[in-house]
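Read the structure below first, then the notes.
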Amino acid sequence: MPRESIQGGLISTPTKGEAFARLRDLVLREGGLDLYQYRERWVERRLAVRQRALGTRTLGAYLEALQADPGELPSLLDVLTVNVSEFFRNPQAFRIIAEYALPDILARKRGQGVSALRLWSVGCASGEEPYSLAILLRESLRETIAEYSVLIYATDVDRKSLERAKEGFYPQAKLAQVPEALRRKYFRPEGRGLRVRDEVKGMVIFREHNFFLEEPTFSRLDLVTFRNVMIYLTPSVQRQALDIFYQILNPGGYLVLGRVEGLQGAARELFEPVSISERIYRKPL
Ligand SMILES: C[S@@+](CC[C@H](N)C(=O)[O-])C[C@H]1O[C@@H](n2cnc3c(N)ncnc32)[C@H](O)[C@@H]1O
């Protein structure tokens with residue numbers, strides 16, 4: 128039976144608020160995630176997944192199980208970092224990046240005589256998003272790619288996802304959105320799946336990075352994707368993230384959010400919309 132504290136001679140279980148505060152401290156200290164930055168209802172739903180799995184009805188009981196079993200924290204972090212992704216997720220957004228954003232960025236680079244091209248996929252999960260960007264860039268630049276110094280930074284807080292990303296190996300089903308011609312050109316068959324070819328892999332730098340606890344580290348970016356991460360965050364953390372993107376993007380740089388995300392309130396003044404439906408924005412020149 129969970130009995131957490133002894134007060135005035137009475138043994139008492141923690142209230143839901145106390146249990147949550149302790150759980151948050153533990154997850155922050157040992158897992159590096161600050162649960163207060165994520166929407167409360169979302170966190171509760173994710174915790175409920177683990178509570179159901181362990182059959183612990185109260186948060187206090189779950190906390191006790193978490194403290195007792197060192198194997199539980201990785202499982203909890205797993206459900207807290209939803210890392211579903213796919214290649215060319217929401218293809219229309221990638222179409223706009225290929226047909227509008229990249230030509231615009233490249234025209235400006237040429238005008239400025241600048242060859243450095245920098246992109247950042249924040250919350251890159253298992254690498255599908257940054258590899259999709261790398262493929263788009265190769266398709267857009269073709270033989271002129273040699274004239275540019277292209278770097279795609281790809282970061283995530285989840286170490287396991289990053290390991291998969293660096294492997295660059297995917298089951299066929301993950302590549303449903305990749306046109307056959309691109310599949311043949313940029314992947315090689317291996318066992319039951321496909322592996323990203325080295326020329327694509329070589330364009331992406333993967334790094335473990337907690338966007339909300341660490342300095343942004345990259346700047347002078349031409350395009351940032353922050354897709355399907357913002358949806359989990361509290362409005363004030365969303366706003367902080369958008370301020371950071373404004374600071375680290377070059378003038379004329381692009382910000383791509385997820386389809387169900389968007390700029391709220393004052394953040395709308397920072398960026399101009401490029402595609403409202405696809406949540407693509409540009410920092411004014
Ligand atoms: C649903 S996936 C989105 C993947 C990809 N951007 C896409 O749209 O397909 C969300 C990713 O954000 C990552 N994430 C959550 N909190 C983060 C944080 N504080 N810093 C960096 N990445 C984070 C998760 O680990 C997860 O891999």
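For reference, each letter of the sequence shown is one residue, going 128 to 412 in this note's numbering. Cβ atoms here follow ideal geometry from the backbone N, Cα and C, with glycine treated the same way.
Cutoff 8 Å; reference residue i; Cβ partners in own chain excluding five residues on either side
| i | result |
| --- | --- |
| S242 | K236, E274, Y275 and S276 |
| A192 | L181, T183 and E199 |
| Q299 | R319, G320 and L321 |
| Q304 | E213, F214, F215, R216 and P218 |
| K143 | T185, L186 and G187 |
| M128 | Here M128 scores only 42 on pLDDT, less than 50, and its place in the model should not be relied on; the value that follows carries that caveat. Answer for M128: no residue qualifies. |
Cutoff 6 Å; reference residue i; Cβ partners in own chain excluding five residues on either side
| i | result |
| --- | --- |
| N217 | R386 |
| P316 | none |
| S248 | E256, P257, A281 and T352 |
| E145 | none |
Test item: CB-CB of residue i and residue j under 8 Å
| i | j | result |
| --- | --- | --- |
| L160 | V284 | yes |
| L350 | G329 | no |
| S253 | A228 | no |
| E335 | R409 | no |
| L348 | L264 | no |
| F333 | A368 | no |
| L340 | Y373 | no |
| A225 | V383 | no |
| Y189 | R177 | yes |
| I371 | F345 | no |
| I223 | S363 | no |
| I279 | V209 | no |
| L186 | L244 | no |
| R354 | A394 | no |
Neighbourhood of residue i by C-beta distance below 7 Å, restricted to the same chain and skipping five residues each side
| i | result |
| --- | --- |
| V170 | L162 |
| L309 | I262 |
| Y297 | G320 and L321 |
| L137 | With a pLDDT of 49 at L137, under the threshold of 50, the predicted position of this residue should be treated as unreliable, and no value is reported. |
| E399 | Y408, R409 and P411 |
| L207 | L160 and R173 |
| K301 | E213, F214 and E255 |
| R324 | Y313, F314 and R315 |
| L155 | D161 |
| E157 | L200 |
**Cβ contact (3+ pairs, closer than 8 Å) linking the region 244-260 and the region 204-223** = yes
**Message:** My parser needs the beta strand (DSSP E) runs of 3 or more residues fully inside the region 244-310; what are they?
**Reply:** 276-283 and 296-298
For the pair the region 354-362 and the region 379-393, tell me if three or more CB-CB distances fall below 8 Å. yes
Run through the region 138-202 for me and flag every whole alpha helix (DSSP H) of 4 or more residues, listed as ranges in chain order. 143-153, 167-181 and 186-195
Q) Which ranges does the beta strand (DSSP E) cover as unbroken runs of at least 3 residues, wholly within the region 329-410, from first to last along the chain? A) 331-335, 348-353, 376-384, 399-402 and 407-409
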